[in-house]
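Asks: This is the structure, below, for whatever I ask next.
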DNA sequence: TCAGGGTTTTTTGTTGACAATAATAGGGTC
DNA sequence: GACCCTATTATTGTCAACAAAAAACCCTGA
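Residue numbers (this note's numbering), protein chains in the order written: chain A, 3 to 228; chain B, 3 to 228.
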C-alpha cells in the first residue's frame, strides 16, 4: 500500500504523490472510473488539493477527465505501449549520448557499482522480477539525470517512465532476459566510461528496441493481454 | 492579443488557455513573479480554477511554484534552449519517420498545399518573421499528428513547442533563412510522399540541427541575449 | 413490453471565507 | 552603523458550503 511517503510540502503535492503511485502500482486500475469524494475519503484529502492534483495528473496523461463526468485512469493499449518504447528509444539514446559527454567520473563509477549490485540481485533473487524491474529503472534513471539535460530528464522521469512502470508492475518487462539486459547495460556503461557518445547512443537504442521486441513477442504469443 | 479563444469547457480550462498563451506571447515575461489575486483580477477568474490551471502549467514546466512564495514564469537560459533543440531533433526525427509510414495520401497532399501557402507567405510578407514562424509551426504540427503516435504528438505539441514558441515570439527563429527552411521542408515532405521513413527522419534531424546551429551562432554573435 | 420524457439524485464545478506560512519591515542591541 | 530578533502584513494553502450539470431512475403512454 503506497503511503504518503516523505512528508509532502503541501496537501496537493501529497495528493499528487498518492494518486500517482496508486496508478503506477495498479491500486487504481486502468479504465477504472472513480469519483472525487471516493478519492478524498480514500486518501484523507479535501477536494481542493485533490482537484489540483487531478489537473496535474491529467496534463501528464495518467488520467482523463471529461467535464461533469468524472475522472478515469488511462488504459494504454498494447499498441500504445509499443509506441511508448519507440519514443524511449530515441530519447534515451540521446540521454546516453549526452551522459557519455557530461557525466562526471564519479557518477560513472557509481553507475558501475549500481550494475554490480544489480548482478548480485539477479543471482540472489532469481525470478524476483519486481526487484529486477526496479534495478532496471534505477539504471535508466541515472543516465537520464546524467545527461545534464533538464528537460530531457523531466520528460523521461516525469512522463514516460511512469507510464511504462504502470505495466512493469504487472508484466515485469525484462523478465526472461535479466542476464541479457544486464550485459547490454554493461556495454552501455562501458561506452559512457570511454566517453564514446555515439556508441552509447547506438547501444541504448538497440537495448530499448530489444525490450520492445520482447514485449511485442509476448503480446503475439498471447501471454500478455492489455 | 490572444484572448480566451474558443469557449473553454470549464473555468479551469479557460484559465489554463489564458495563462499558457500569456506566457507564450510574453505577456507574462519569463522570471516575472506574479501573485494569485493579481492573476485572478487580470483574467477574471477565482482562485480555485486558477490554482488548478497553475498546477497543470507547473507540471508542464512553464512556471515554477514555491510553497507560500508564489508562482514565477520559468526563464529558459540560452543553454537550455539549445538543449530543447537536441530533444526536438530526435523526437521530430521519429515523428517524420512514423509520418512517412502512416500518413494518408490526403494528409500528404494537404502538407504539400501547406508548403505552397508558406511559399506565397514568404514572398508576400517579406520580413514578416511572425507569420513565417507560424507557418513553420504549422508544418511541424502536421507531422507530429501525422505520426499517429499519440504520446509523441502530445509531448511535442503540449510540452516542447510551447517552450520553443515562447522564444519564437521574440527572436523569430527561422528569420534569415526562410527560403532555406522551406527547401528543407520540401525535401522532408518529398521523402514522406515516397514513404521513405529513414530518409524523412534523417532530413528532419538535419533540419532541426541546422535551426539549432543558427540560434547558437546568433547567441555567439551576441545578437540574441536570453 | 418497450420507448420516450420528465424528475430526482448524484457528482462535478465554483465560490468565498478561514487558517497557516513566509516575506517584510521595524525596533532594539551590540 | 550593522546585525539580529520580533511583530506585522501580505500571500498562499485549505476548507466547507453552494450552484450547475449530467447521469440515473421512474413514470406514463403506446
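No residue lacks a Cβ here, since even glycine has one placed at the ideal position from N, Cα and C.
When you compare each of B:125, B:97, B:123 and B:109 to residue 203 of chain B by their alpha carbons, which one comes out closest?
Replies: Ranking the options by Cα distance to residue 203 of chain B, first place goes to B:97.
Asks: Helix, strand or coil for residue 16 of chain B, going by three-state DSSP, please let me know.
Replies: Helix.
Asks: Taking C-beta to C-beta, are residue 76 of chain B and residue 66 of chain B nearer than 9 Å?
Replies: Yes, the pair counts as a contact, with Cβ atoms nearer than the cut-off.
Asks: Can you give me the Cβ contacts of residue 37 of chain A inside the same chain, cut-off strictly under 7 Å, excluding the 5 residues immediately before and after it?
Replies: Excluding positions up to five away in sequence, the list reads 72.
Asks: What residue from A:161, A:30, A:32 and A:222 has the CA that sits closest to residue 231 of chain B's CA?
Replies: Not covered by the structure: residue 231 of chain B. The range shown for chain B is 3 to 228.
Asks: Within the continuous beta strand (DSSP E) that includes residue 66 of chain A, where are the two ends?
Replies: Where residue 66 of chain A is concerned, the enclosing beta strand (DSSP E) stretches over 65-68.
Asks: Let me check one thing: in DSSP terms, what residues is residue 75 of chain A bridge-paired to?
Replies: Note: residue 75 of chain A sits in a beta bridge opposite A:65.
Asks: From which residue to which residue does the alpha helix (DSSP H) around residue 199 of chain A run?
Replies: Counting along the chain, the alpha helix (DSSP H) containing residue 199 of chain A begins and ends at 199-223.
Asks: If you measure between the beta carbons of residue 137 of chain A and residue 123 of chain A, is that distance less than 9 Å?
Replies: Yes, these two residues count as a Cβ contact at 9 Å.
Asks: Are the C-beta of residue 210 of chain A and some C-beta of chain B separated by less than 9 Å?
Replies: Answer no: the Cβ-Cβ gap between residue 210 of chain A and chain B never drops below 9 Å.
Asks: Between the segment 71-92 of chain A and chain B, which residues of the former have a C-beta closer than 7 Å to a C-beta of the latter?
Replies: Correct list: 82, 85, 86, 88, 89 and 92.
Asks: Pull up the distance between the alpha-carbon of residue 4 of chain B and that of residue 189 of chain A, whole angstroms please.
Replies: With a pLDDT of only 34 at residue 4 of chain B, under 50, the local geometry of the prediction cannot be trusted, and no value is derived from it.
Asks: Measuring straight from C-alpha to C-alpha, what distance separates residue 40 of chain A and residue 16 of chain B?
Replies: Between residue 40 of chain A and residue 16 of chain B, the C-alpha separation is close to 27 Å.
Asks: Kindly list the residues whose CB is nearer than 7 Å to the CB of residue 31 of chain B, restricted to its own chain and excluding five residues on each side of it in sequence; keep chain order.
Replies: Cβ neighbours of residue 31 of chain B beyond the five flanking positions: 75.
Asks: Residue 69 of chain B CB to nearest chain A CB: under 9 Å?
Replies: By this cut-off, residue 69 of chain B is an interface position.
Asks: Can you name the residues of chain B whose CB is closer than 9 Å to the CB of residue 102 of chain A?
Replies: Those within 9 Å of residue 102 of chain A in chain B number zero; the least Cβ separation is about 14 Å.
Asks: Determine whether the Cβ of residue 12 of chain B lies closer than 9 Å to any Cβ atom of chain A.
Replies: Output row for residue 12 of chain B: interface = yes.
Asks: Quick check: the segment 205-220 of chain B against the segment 81-98 of chain B, are there 3 or more CB pairs under 8 Å?
Replies: As far as the Cβ criterion goes, the segment 205-220 of chain B touches the segment 81-98 of chain B, which means the pair count is three or higher.
Asks: In whole angstroms, give me the CA-to-CA distance for residue 20 of chain B and residue 143 of chain B.
Replies: Taking the straight line from one Cα to the other gives about 21 Å.
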